[in-house]
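Protein chains: 2
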Amino acid sequence: MSLNLQTHTEHFTNPLYLESGRILEPYDITYETYGEMNDDKSNVIIVCHALTGSHHAAGIYEGETKAGWWDGFIGSGKAIDTDKYFVICSNVIGSCFGSTGPMSLQHPHHDYYRYKFPVVTIKDMVKAQRILFDRLDIHRVYAIIGGSMGGMQALQFAIHYPNFAQKIISLAATYATQPWAIAFNKVAQESILKDPDFKQGYYDPELIAENGLAGMAVGRMAGHISFLSHESMQSKFGREYKRTDGLYELFGKFQIESYLEYNGYNFTKWFDPLAYLYITKAINIFDLSRGFDSLSEAMKKIQSQLHLISFKNDILFKNKEMQKLHATLEEIGNTNYHYIDIDSMYGHDAFLVELDKFENYVKDVLDG
Amino acid sequence: MSLNLQTHTEHFTNPLYLESGRILEPYDITYETYGEMNDDKSNVIIVCHALTGSHHAAGIYEGETKAGWWDGFIGSGKAIDTDKYFVICSNVIGSCFGSTGPMSLQHPHHDYYRYKFPVVTIKDMVKAQRILFDRLDIHRVYAIIGGSMGGMQALQFAIHYPNFAQKIISLAATYATQPWAIAFNKVAQESILKDPDFKQGYYDPELIAENGLAGMAVGRMAGHISFLSHESMQSKFGREYKRTDGLYELFGKFQIESYLEYNGYNFTKWFDPLAYLYITKAINIFDLSRGFDSLSEAMKKIQSQLHLISFKNDILFKNKEMQKLHATLEEIGNTNYHYIDIDSMYGHDAFLVELDKFENYVKDVLDG
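Going line by line, the protein sequences match chains A and B. All residue numbers for the first sequence refer to the numbering used here, where the first residue is 65 and numbers rise by one. All residue numbers for the second sequence refer to the numbering used here, where the first residue is 65 and numbers rise by one.
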């Protein structure tokens with residue numbers, strides 16, 4: 065069967081009340097769907113994307129060379145089987161792929177928001193999605209799944225909309241962002257802010273898209289370190305040189321250097337620096353216990369069947385952070401959850417690149 | 065007894081033949097000594113500094129607020145006891161504290177070298193020190209000790225001057241720099257190179273010293289991540305905010321962010337960006353096996369008693385890198401070495417900050 069990829073944008077005119085006390089009004093949410101919703105709407109799966117992901121999780125657009133970010137995972141016969149399930153993935157607010165973000169036009173001035181855009185949180189992102197699903201007349205879903213910031217959203221759904229999803233699967237996430245991850249984001253933020261071409265947020269978006277922004281490239285390089293692991297770099301790049309044309313090794317460029325350069329500079333062609341600042345801020349201030357007396361109190365709200373998946377070599381959100389959730393669930397006597405810790409040398413990126421390590425598990429959870 | 069701190073600079077007019085094939089001529093080496101050399105010169109200990117360290121390892125200059133970088137370790141009654149030993153620490157070539165580096169004046173033009181400065185390697189740094197000691201009429205020493213890049217120098221001394229030191233102690237170092245560490249250096253290098261105030265190396269050193277260089281500050285922040293550990297950040301900063309004046313947490317600055325800012329921007333006031341580029345390059349291309357058929361062949365040259373010290377949470381030079389040296393020594397049947405792996409949550413910085421974890425060990429090695 066076909067993937068039945070559809071892309072839509074919904075426009076909302078009612079105010080979105082944000083955690084900060086500010087409102088976003090009006091706003092758009094862009095989303096994709098795959099597969100077909102059944103008559104009793106019992107086959108809906110929500111996929112949540114990570115920092116630089118988008119609603120484009122699967123399939124390939126005409127003229128595109130690369131498929132959606134979780135294409136190996138979502139499709140006919142795949143772990144999230146679009147022959148059985150109706151899958152929705154929406155671009156989070158604050159991002160730059162169609163949903164309202166800092167480079168959207170502010171009503172009624174028709175100027176870009178830039179720094180006037182309000183701080184958004186993971187909880188706000190989840191709230192906006194919940195409103196989107198209401199609009200689509202979906203008031204309960206079968207499952208929610210996501211990795212990294214997507215895993216944060218999945219957990220936030222579990223706590224704030226306890227009756228919404230039957231099953232929640234959170235990969236490579238945490239209960240609250242730790243200083244280690246905040247530090248990597250700090251390097252990226254500072255690097256963007258100090259780039260003179262960023263012009264304190266008043267850059268020309270077309271010029272940036274064309275020429276890139278060196279500060280964001282450098283920041284993204286730091287990000288890439290945090291997505292990988294000592295082991296995966298050693299295995300993938302070792303101390304190999306990019307050029308092997310006889311130049312003495314003292315003057316060559318290491319493959320790892322070339323990898324970071326390529327990914328850093330390429331990134332600036334497709335991602336917006338203000339969106340990067342706002343979304344890393346949302347990640348930094350992510351804390352499941354906010355608004356509760358403790359993490360335990362927050363976790364007591366959960367009614368969905370919960371699946372936690374961590375990766376042993378993840379240096380960004382360490383497996384012990386997921387283990388704290390596991391321990392908290394034990395402590396409060398929640399018996400409707402399962403935790404697995406996957407051995408992967410790929411580090412944080414494992415949730416995107418080593419699907420074979422968890423696709424059977426996810427398939428079993430969804431199908432069984 | 066007093067530390068007997070003395071600072072000197074020696075000038076050399078003979079060419080220094082570098083690994084790259086280029087020469088450095090003339091050149092200076094600045095060094096400090098502590099304690100007093102005994103009559104048979106049997107009490108000399110060489111201390112080697114790390115990336116941004118200097119010859120100023122111990123004691124405090126008039127007007128200084130902070131003592132030398134290993135002051136807790138070197139002094140009367142301390143692990144390296146200046147009542148017993150005559151200690152020498154020299155600034156490496158390529159650095160910016162008196163020894164010849166990229167911002168030294170090039171003879172005979174009396175212009176700064178800048179990019180005309182040759183690539184230097186750890187082996188070159190060690191060779192220059194060996195020539196300094198010859199000048200000081202010291203042809204054999206009791207011990208050589210260093211951490212991080214200082215530990216690399218200690219190992220390089222062991223291989224290239226097998227008869228020079230009786231004992232070698234290398235902390236928090238590696239056999240060859242791995243892509244993980246190169247990646248962190250890449251972020252720093254790229255961040256410096258892309259800063260417009262760096263002016264492709266043609267910056268005004270006085271202006272840089274006064275105003276700092278944001279690109280180097282950002283790069284240094286990435287460095288600081290690699291010096292710490294997830295655990296030490298969690299314990300030291302947690303998710304605490306810098307300001308607690310009632311601002312809602314959504315808008316505050318995390319303590320870890322403030323720590324990185326302070327250390328990043330402060331760094332640019334006392335370190336030279338070109339020196340940072342040259343020394344990180346030297347670290348990246350460090351490989352004990354260069355010039356040999358294999359690491360084993362290189363290690364077979366060692367005649368000194370060798371002490372290897374790694375730290376369990378060091379994410380920059382992982383303990384398994386030191387363990388590779390350990391395994392290689394086993395393999396070649398070297399029985400004159402000892403390896404310890406220290407439990408410290410401080411990560412790479414442990415060799416500077418958690419002296420109590422290894423000072424007794426070092427004292428025993430030196431005294432026994």
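Glycine residues also receive a C-beta, built at the ideal position from the N, C-alpha and C atoms.
Counting only C-beta atoms, is residue i closer than 7 Å to chain A at any point?
i: S255/B; result: yes
i: A247/B; result: yes
i: L359/B; result: no
i: F318/B; result: yes
i: H294/B; result: yes
i: K306/B; result: no
i: K388/B; result: no
i: V417/B; result: no
i: V282/B; result: yes
I'd like to know whether the C-beta of residue i is nearer than 7 Å to at least one C-beta of chain B.
i: W244/A; result: yes
i: K263/A; result: no
i: L260/A; result: Looking at the sequence itself, residue 260/A is Pro, so the reference to Leu does not match. P260/A counts as touching chain B.
i: L324/A; result: yes
i: M213/A; result: no
i: Q298/A; result: yes
i: V184/A; result: no
i: M285/A; result: yes
i: I396/A; result: no
i: P223/A; result: Reading the sequence as shown, one finds Ile at residue 223/A and not Pro. No, no contact with chain B.
i: I289/A; result: yes
i: V111/A; result: no
i: S66/A; result: no
i: H72/A; result: no
Taking residue i as the query, report the chain A residues whose CB atoms sit under 7 Å from its CB, ordered along the chain.
i: E321/B; result: I246 and K250
i: I343/B; result: Residues of chain A passing the Cβ test: none, with the nearest at roughly 14 Å.
Using a cut-off of 7 Å between C-beta atoms, extract the partners of residue i located in chain B.
i: A278/A; result: K258
My understanding is that residue i touches residue j, with C-beta atoms under 8 Å, so please give their C-beta distance in whole angstroms.
i: D13/A; j: T164/A; result: The question about residue 13/A has no answer, for chain A in this structure spans 65 to 432.
i: R303/A; j: P182/B; result: That pair is no contact at about 21 Å.
i: A273/B; j: G158/B; result: About 18 Å; that fails the 8 Å criterion.
i: S290/A; j: F248/A; result: 4 Å
i: Y425/B; j: V417/B; result: Going by Cβ atoms, the distance from Y425/B to V417/B rounds to 16 Å, so no, they are not a contact pair.
i: K382/B; j: H294/A; result: 6 Å
i: E74/B; j: K187/B; result: With 8 Å as the limit, E74/B and K187/B do not qualify as a contact, their Cβ atoms being about 20 Å apart.
i: Y176/A; j: M189/A; result: Contact doesn't hold; Cβ gap of about 20 Å is too wide.
Find the residues of chain A that neighbour residue i, judging by a C-beta separation of less than 9 Å, and give them in chain order.
i: I436/B; result: The structure shown does not extend to residue 436/B, since chain B is modelled only from 65 through 432, so no value can be given for it.
i: K382/B; result: H294
i: N330/B; result: Residues of chain A passing the Cβ test: none, with the nearest at roughly 14 Å.
Closer than 9 Å by beta-carbon distance: list the chain B residues that pair up with residue i, in chain order.
i: A240/A; result: R303
i: V156/A; result: Those within 9 Å of V156/A in chain B number zero; the least Cβ separation is about 17 Å.
i: N275/A; result: Within 9 Å Cβ-Cβ: nothing; N275/A doesn't reach chain B, min ~12 Å.
i: N78/A; result: Going along chain B, no residue has its Cβ under 9 Å from N78/A, so there is no contact; the nearest lies around 22 Å.
Could you list which residues in chain B have their beta carbon closer than 8 Å to that of residue i, in chain order?
i: V190/A; result: Neighbours of V190/A on chain B: none; closest Cβ ~16 Å, over 8 Å.
Name the chain E residues that come within less than 7 Å of residue i, Cβ to Cβ?
i: N327/A; result: In the structure shown, chain E does not exist; the protein chains are A and B.
Applying a beta-carbon distance threshold of less than 8 Å, which residues of chain A neighbour residue i?
i: N377/B; result: None at all; the shortest Cβ gap to chain A is about 12 Å.
> Can we say the region 265–280 of chain B touches the region 371–382 of chain B, given the rule of at least three CB pairs closer than 8 Å?
Replying inline: Between the region 265–280 of chain B and the region 371–382 of chain B there are fewer than three inter-stretch CB-CB distances shorter than 8 Å, so the stretches are not counted as touching.
> Quick one: complete alpha helix (DSSP H) runs, 4+ long, within the region 247–304 of chain B?
Replying inline: Uninterrupted alpha helix (DSSP H) stretches at least 4 residues long and entirely within the region 247–304 of chain B occur at 269–275, 278–291 and 294–300, given in chain order.
> Any contact of the region 209–229 of chain A with the region 110–120 of chain A, i.e. 3+ C-beta pairs under 8 Å?
Replying inline: These segments touch.
>> Pairs of beta-carbons, one from the region 286–301 of chain A and one from the region 318–332 of chain A, closer than 8 Å: are there three or more?
In response: Enough Cβ pairs lie closer than 8 Å, so yes.
>> Three Cβ pairs or more, each shorter than 8 Å: is that satisfied between the region 193–208 of chain A and the region 147–161 of chain A?
In response: As far as the Cβ criterion goes, the region 193–208 of chain A touches the region 147–161 of chain A, which means the pair count is three or higher.
> Which runs of the alpha helix (DSSP H) fall wholly inside the region 315–371 of chain B and span at least 4 residues, in chain order?
Replying inline: Runs of the alpha helix (DSSP H) lying entirely within the region 315–371 of chain B, each at least 4 residues long, are 319–331, 337–348 and 359–363 in chain order.
>> In chain order, what are the residue ranges of uninterrupted beta strand (DSSP E) at least 3 long that sit wholly in the region 100–182 of chain A?
In response: Those beta strand (DSSP E) runs which fall completely within the region 100–182 of chain A and span 3+ residues are 108–112 and 150–154.
> How about the region 223–231 of chain B and the region 230–239 of chain A: do they share at least three Cβ pairs that are nearer than 8 Å?
Replying inline: These segments do not touch.
>> For the region 387–399 of chain A against the region 366–374 of chain A, do three or more pairs of beta-carbon atoms, one drawn from each stretch, fall closer than 8 Å, so that the two count as touching?
In response: As far as the Cβ criterion goes, the region 387–399 of chain A touches the region 366–374 of chain A, which means the pair count is three or higher.
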